[in-house]
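Anchor point for the sequence shown: position 4 equals 3 in numbering that gives the first Met the number 0, and the numbering is continuous, going up by one each time.
Just so you know, even glycine gets a beta-carbon here, dropped at the ideal spot from N, CA and C.
What follows is a single structure, written as structure tokens, with notes after it.
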Amino acid sequence: MSRIVEDTQRVPATLAGARLDQAAAELFSDYSRERLKAWINAGELTVDGAQAKPKAKLHGHEVLALQATIEDDTRFEAQDIALDIVYEDDTVMVINKAAGMVVHPAAGNPDGTLLNALLHHQPSLAEVPRAGIVHRLDKDTTGLMMVAKTLPAQTALVEQLQARSVSRQYDAVVIGKPVSGSTIDAPIGRHPKDRKRQAVTASGKPAITHFRVVERFRAHTHVRCKLETGRTHQIRVHMAHARYPLIGDPMYGGRAKLPPGAAEPLKEILREFPRQALHARKLIFKHPVSGETLTFQADLPDDLLMLLDYLREDNETMR
């Protein structure tokens, strides 16, 4: 299903000299800049009844007419899947995502996803692109995600992400012993040979990850990462690039590292840990309506707590 959006705005004199895409972003602020640019290019947002380019300069007093189609996400099935909702109001939700949950349906995961669960929890989310999802976590990464319940809220949250004003902190347990925290500033793009993977590559998009040491073990380290950018698999790729891959990461982690003389329970959990040891622990953003700064924190899940307990026990035993 789809719906038609129609609106008309006259360009004020204060926007004389502005580009069409810039003026449109101010006058039709419910929609993202990317969506508006696409509508301009498609001739669905016109200037005095004529199609124009996004960079066209305006003189003031022109009439911008919007008549466009938004596809609803009713093509996806609403499914009764339990959600751990940390916060919810009329415009935004914060979810604590479980391990194993895919965020958005794709060829290999047509249902059973966070999007399907959101559509069941709030059927009106079918009217918001991607059911309000504004950023993703990998299937086996746990932790906090924000979801917009209205189109204006989604636009506002996406703009915060693009402006890098959303604070996202992650806990990870990595192989190796970094001497201290650091900043990894290395562009990430698709791997040149394996299309399912990402890699540090000169042709990639800018990517910046800050990390610091939380706790040290004999052959592993608990680190806390803060993202400046949000590239696919960013922490997993960056930490592997720095030669500190995540425990349990099947794509970037390589073989498990077993500390010499480690007890069998620790060896077993290191060999068999079922996912990358990564958790989105803290999320800070501005409420899209009130502008209030919202801060959320999610405790480490049981599997990561157990992993850390075994590593601590190994530290104590081998002293």
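Go through its chain and collect everything with a Cβ distance to residue i's Cβ below 7 angstroms, but skip five positions before and after it.
i: Arg274; result: Ala98, Asp139, Gly247
i: Ala17; result: Leu57
i: Leu82; result: Ile94, Ala116, His120
i: Phe75; result: Pro104, Leu114, Asn115, Leu118
i: Leu257; result: Lys266, Leu269
i: Asp89; result: Lys148
i: Glu5; result: Leu65, Gln66
i: Ile84; result: Met92, Ile94
i: Asp110; result: Glu76, Gln78, Pro104
i: Asp29; result: Leu150, Pro151, Thr154
i: Asn108; result: Val101
i: Val157; result: Ser31, Val133
If I'm right that residue i touches residue j with Cβ under 8 angstroms, what's the distance once you round it to whole angstroms?
i: Gln50; j: Ile3; result: Not quite, the Cβ-Cβ distance comes to about 18 angstroms (not below 8 angstroms), so this is no contact.
i: Ala272; j: Leu310; result: The sequence shown places Phe at residue 272, rather than the Ala named in the question. About 11 angstroms separates the two Cβ atoms, so there is no contact after all.
i: Pro191; j: Pro205; result: Actually they do not touch by this definition, with Cβ atoms about 18 angstroms apart.
i: Pro287; j: Ala152; result: 4 angstroms
i: Asp313; j: Ala262; result: 7 angstroms
i: Gly180; j: Phe210; result: 6 angstroms
Are the CB atoms of residue j and residue i within a distance shorter than 8 angstroms?
i: Ala279; j: Leu136; result: yes
i: Leu114; j: Val133; result: no
i: Gly260; j: Ile174; result: no
i: Thr154; j: Val127; result: no
i: Leu118; j: Ala130; result: yes
i: Leu14; j: Gly48; result: no
i: Glu61; j: Val10; result: yes
i: Ser166; j: Ile283; result: yes
i: Val146; j: Pro177; result: no
Is DSSP giving residue i helix, strand or coil here?
i: Glu87; result: strand
i: Leu45; result: It should be pointed out that residue 45 corresponds to Thr in this sequence rather than to Leu. In the structure shown, Thr45 sits in a strand (DSSP, three-state: E or B).
i: Gln197; result: strand
i: Ala246; result: Looking at the sequence itself, residue 246 is Ile, so the reference to Ala does not match. Ile246 falls in the coil class under three-state DSSP.
i: Tyr309; result: helix
i: Lys96; result: strand
i: Ala351; result: An answer regarding residue 351 cannot be provided, because it is not within the stretch 0 to 318 covered by the chain.
i: His60; result: coil
i: Thr154; result: helix
i: Ser31; result: coil
i: Arg129; result: helix
i: Met238; result: helix
i: Ala12; result: helix
i: Gln296; result: strand
i: Lys54; result: coil
i: Arg270; result: helix
i: Gln233; result: helix
i: Ile80; result: coil
i: Gln121; result: coil
Can you find the residues in the same chain that come closer than 6 angstroms, C-beta to C-beta, to residue i, ignoring five residues on each side of it along the sequence?
i: Pro300; result: Thr141
i: Glu320; result: This structure cannot speak to residue 320, because the chain is shown only from 0 to 318.
i: Lys281; result: Gln168, Gln296
i: Ala64; result: Thr7, Thr45
i: Met100; result: Leu113
i: Arg32; result: Ala24
i: Ile183; result: Thr208, His237, Ala241
i: Lys285; result: Thr292
Less than 7 angstroms between the CB of residue i and some heavy atom of the ligand SAM, yes or no?
i: Ala64; result: Inclusion of the ligand SAM in the displayed structure is not the case, the ligand content being empty and no account of it being possible.
Alpha carbon to alpha carbon, how far is residue j from residue i? Give it in angstroms, no decimals.
i: Lys96; j: Thr112; result: 11 angstroms
i: Asp20; j: Ile39; result: 8 angstroms
i: Phe216; j: Met317; result: 11 angstroms
i: Gln237; j: Thr294; result: The amino acid occupying residue 237 in the given sequence is His; Gln does not appear at that position. Answer to the nearest angstrom: the Cα atoms are 26 angstroms apart.
i: Met92; j: Thr292; result: 14 angstroms
i: Met250; j: Ala201; result: 21 angstroms
i: Lys36; j: Pro53; result: 6 angstroms
i: Phe195; j: Thr231; result: The identity of residue 195 in the sequence shown is Lys, whereas the question assumes Phe. The alpha-carbon atoms of Lys195 and Thr231 are separated by roughly 11 angstroms.
i: Pro122; j: Tyr86; result: 18 angstroms
i: Ala264; j: Asp170; result: Per the sequence shown, the amino acid found at residue 264 is Pro instead of Ala. If I take the Cα positions, the gap works out to 23 angstroms.
i: Asp193; j: Ala12; result: 52 angstroms
i: Gly290; j: Leu26; result: 20 angstroms
i: Arg235; j: Ala22; result: 39 angstroms
i: Ile69; j: Glu315; result: 59 angstroms
i: Ala55; j: Lys225; result: 39 angstroms
i: Ala239; j: Gly42; result: 45 angstroms
Return the chain-ordered list of same chain residues with a C-beta closer than 8 angstroms to the C-beta of residue i, the five sequence neighbours on each side being excluded.
i: Val172; result: His219, Thr220, His221, Val222, Leu245, Ile246, Ala276, Leu303, Leu306, Leu307, Leu310
i: Gly188; result: Gln197, Ala198, Thr200, Ser202, Gly203, Lys204
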